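Chains as they are written, first to last, in my numbering: chain F, 1 to 409; chain G, 410 to 714. For every residue, glycine included, the Cβ atom is placed at its ideal position computed from N, Cα and C. Note that the structure is a prediction, hence the values are computed from the model and not measured. Below: the structure, in structure tokens.
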């Protein structure tokens with residue numbers, strides 16, 4: 001059975017070209033780029049070229065501003081902890097209620113250490129309230145950390161506007177954005193487009209490079225202390241021998257993504273829109289989460305009321321279709337998605353949410369298959385649901401009062 | 410490489426009974442150089458002596474040896490007098506070598522320093538008063554210690570002394586005064602870096618804006634105008650916008666809305682035709698800010714949301 005992979009916000013397939021670019025650095029040019037002999041210097045040159053290529057893809061930034069890490073989680077930890085340690089005179093951080101755990105949990109840890117954290121709310125479409133943001137800015141604020149696009153819903157935040165307001169209010173506040181879901185998908189120009197962003201994180205495995213490599217952009221002069229201490233690598237800002245093959249891989253993957261970004265994204269959006277529109281048309285009691293907001297072109301988060309997501313995923317899996325319900329990262333906790341709860345999606349719909357996330361390796365046939373099997377999958381589960389009247393193909397009247405917005409903790 | 414392998418045709422060695430001898434560096438730093446030269450003595454005027462031969466002995470990495478070799482070659486070819494030789498700087502050495510890696514720049518600095526010392530030595534031997542000639546060979550200023558700024562080889566004790574002496578409060582001030590931190594900038598915020606030295610000297614009493622000037626710790630603390638309470642201040646802003654700004658905007662189908670006021674920061678949004686037009690919004694922001702400064706408070710800044 002063919003695997004239809006529609007979970008690209010979780011991770012992506014490594015592009016064959018990326019794999020090909022990496023392999024020599026595993027078996028032949030495996031040298032430590034800090035060593036003195038000629039082959040090691042060649043490896044060092046390849047590392048420098050990869051760093052420059054990534055800086056170029058981000059709006060011709062200075063290669064010195066590109067720091068390689070182990071993953072986006074490490075980039076986020078470094079950015080937030082590093083900013084906190086670099087600005088000991090201030091103790092307040094602003095973030096959002098819908099961040100990835102790699103940001104939220106770091107903020108909670110700082111809270112336990114006496115920092116004050118403001119978690120900005122979102123409305124039912126997943127949008128932030130700019131006024132609430134402005135009110136949160138205080139003389140004690142050291143860092144604003146707001147993701148570029150949400151991993152679960154694909155909702156895009158206006159990072160350019162928020163970073164500008166931050167810096168115009170107080171140039172000493174650092175602005176960090178977790179751009180894991182947007183690098184390679186949206187144009188990111190850190191010189192002209194986002195000049196007020198100090199720190200930006202992303203990882204390789206969301207853009208067809210392997211897992212285990214991340215990037216943190218640190219604008220020159222940013223007060224951010226290193227998090228990983230040890231050797232002199234990365235100018236002393238992140239110790240640990242450089243992961244050369246993976247760095248080569250992420251550079252290749254990013255330049256490939258940028259090269260074909262516009263055509264790819266237009267095609268992906270067409271696929272996504274067809275999937276979305278047809279599902280909404282064919283199935284009753286459906287809602288698209290984040291519908292009223294600017295969204296990533298590859299992401300569809302859709303809720304089917306009165307049924308449970310896991311049942312849908314297992315049935316989809318029988319057809320070789322890979323998708324997720326809520327965030328894969330949080331599913332281990334058995335808690336419903338904190339993102340959808342923050343958006344006040346009713347519990348009946350949170351549990352019945354499915355996220356499809358596409359990549360350039362998806363084709364029309366993939367969507368055809370999903371559309372073929374999905375209405376039956378929903379029907380099967382609704383037959384089991386105590387809240388569904390199968391004769392009328394509508395919720396039972398007594399179930400309607402369950403459709404109440406989820407309470408925010 | 411020729412010099413390292415002892416091949417002929419290099420300037421490796423030490424001149425016996427030199428006319429000038431200078432040393433720089435120490436074995437503790439991992440780099441040191443002894444530079445000697447011989448001159449063709451001018452019968453009457455020692456300042457007209459011409460350097461005819463230069464040799465070096467160097468302990469250090471290949472970049473240091475290459476820098477030494479480059480220095481001697483530049484000096485010999487140029488037929489410099491000891492005084493004109495002082496013009497040879499470390500950047501000439503770097504240029505001669507067609508570039509050096511950033512972390513090796515200090516090797517070329519060592520060459521230039523050794524040359525200076527040798528010229529000083531020559532002046533003593535020949536009875537030339539350099540100070541009278543208006544030449545000030547600075548004393549060995551850098552103290553031994555941990556190197557903080559690797560680009561310019563500047564040590565912790567030296568930076569700390571200069572921070573105190575020159576009352577340096579920010580990293581840009583340090584860079585302007587003694588160059589430290591002006592190269593790769595990686596020593597700014599690492600452990601034991603420039604910010605740490607500033608904090609150690611001044612007890613963590615500085616913060617830095619990107620512009621580099623020290624700012625008070627509470628930059629946007631409600632800086633209340635002496636005349637108004639926050640409520641009156643907001644009302645006054647609204648009134649001025651109503652009277653002076655809104656009418657003209659409305660004529661062009663636009664409007665402005667004050668979203669919030671924090672201290673003297675006025676956050677507003679432009680509506681209608683004004684919104685979404687980048688050029689117009691920039692001009693409008695300036696215009697609104699000017700009017701509010703004139704009418705309400707000079708400290709007001711307008712931030713467009």
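Secondary-structure assignment with DSSP links residue 202 (chain F) through a beta bridge to F:215. Interface criterion not met: the Cβ of residue 338 (chain F) is under 8 Å from no Cβ in chain G.
As DSSP reads the structure, residue 676 (chain G) sits in a beta bridge with G:669 and G:712.
In this structure, the straight-line span from the alpha carbon of residue 397 (chain F) to that of residue 389 (chain F) is close to 9 Å. For the pair residue 568 (chain G) and residue 606 (chain G), the CB atoms are nearer than the 8 Å cut-off. Within the model, the alpha-carbon separation for residue 590 (chain G) versus residue 501 (chain G) is close to 22 Å.
Residue 107 (chain F) carries a helical assignment under DSSP once its states are collapsed to helix, strand and coil. Of all residues in the region 658-674 of chain G, those with a C-beta nearer than 8 Å to a C-beta of chain F are 668, 669, 671 and 674, reading in chain order.
Nearest Cα to residue 17 (chain F) within the set F:337, F:250 and F:142: F:250.
In terms of Cα proximity to residue 210 (chain F), the closest of F:302, F:219, F:245 and F:164 is F:245.
For residue 233 (chain F), no Cβ of chain G is located within less than 8 Å of the residue's own Cβ. If only complete runs of 3 or more residues are kept, the region 226-272 of chain F shows no beta strand (DSSP E) anywhere. Segment contact: the region 18-29 of chain F against the region 218-225 of chain F, fewer than three CB-CB distances shorter than 8 Å; contact not assigned.
The way I'd put it, the region 276-291 of chain F doesn't touch the region 166-176 of chain F; fewer than three beta-carbon pairs between them come closer than 8 Å.
Exclusion of the five residues before and after residue 162 (chain F) leaves 128, 130, 133, 144, 146 and 175 as the residues of its chain whose Cβ lies within less than 8 Å of its Cβ. In the structure shown, residue 301 (chain F) falls within a strand segment according to DSSP collapsed to helix, strand and coil. For residue 176 (chain F), the enclosing beta strand (DSSP E) stretches over residues 174-178. Assigned with DSSP and collapsed to three states, residue 561 (chain G) falls in coil, not helix or strand.
The C-beta distance from residue 94 (chain F) to residue 120 (chain F) rounds to 7 Å, short enough to fall under 8 Å. Approximately 7 Å separates the beta-carbon atoms of residue 665 (chain G) and residue 697 (chain G); this is inside 8 Å, confirming the contact.
Among the CB atoms of chain G, one or more fall inside 8 Å of the CB of residue 131 (chain F).
Within chain F, 225, 226, 229 and 236 have C-beta atoms less than 9 Å from the C-beta of residue 600 (chain G), given in sequence order.
For residue 165 (chain F), the neighbours in chain G by C-beta distance under 9 Å run, in chain order, 676, 712, 713 and 714. For a Cβ distance threshold of 8 Å, residue set 64, 235, 236 and 237 of chain F lies close to residue 595 (chain G), ordered along the chain. Pairing residue 167 (chain F) with residue 394 (chain F), the inter-Cα distance amounts to about 51 Å. For residue 193 (chain F), the nearest beta carbon of chain G is not closer than 8 Å to its own beta carbon. Put simply, the backbone Cα of residue 274 (chain F) is about 37 Å away from that of residue 61 (chain F).
Note on geometry: alpha-carbon atoms of residue 39 (chain F) and residue 30 (chain F) lie some 9 Å from one another. Burial is judged here by how many other beta carbons sit within 10 angstroms of a residue's own beta carbon; residue 51 (chain F) has at least 16 and is buried.
Near chain G, meaning a CB-to-CB distance below 7 Å, the residues of the region 199-227 of chain F are 220, 221, 223, 224, 225 and 226.
Sequence-distant Cβ neighbours of residue 136 (chain F) in its own chain, meaning closer than 6 Å and more than five residues away, are 94 and 118. Inclusion of residue 102 (chain F) and residue 78 (chain F) in the CB contact set at 8 Å is not warranted, their separation being larger than that value. At a cut-off of 8 Å between C-beta atoms, residue 93 (chain F) does not count as an interface residue with respect to chain G. Judged by DSSP secondary structure, residue 91 (chain F) falls outside any beta strand (DSSP E); it is assigned neither H nor E. Around residue 367 (chain F), the same chain offers 271, 274 and 275 as residues with beta carbons nearer than 7 Å, after the five sequence neighbours per side are excluded.
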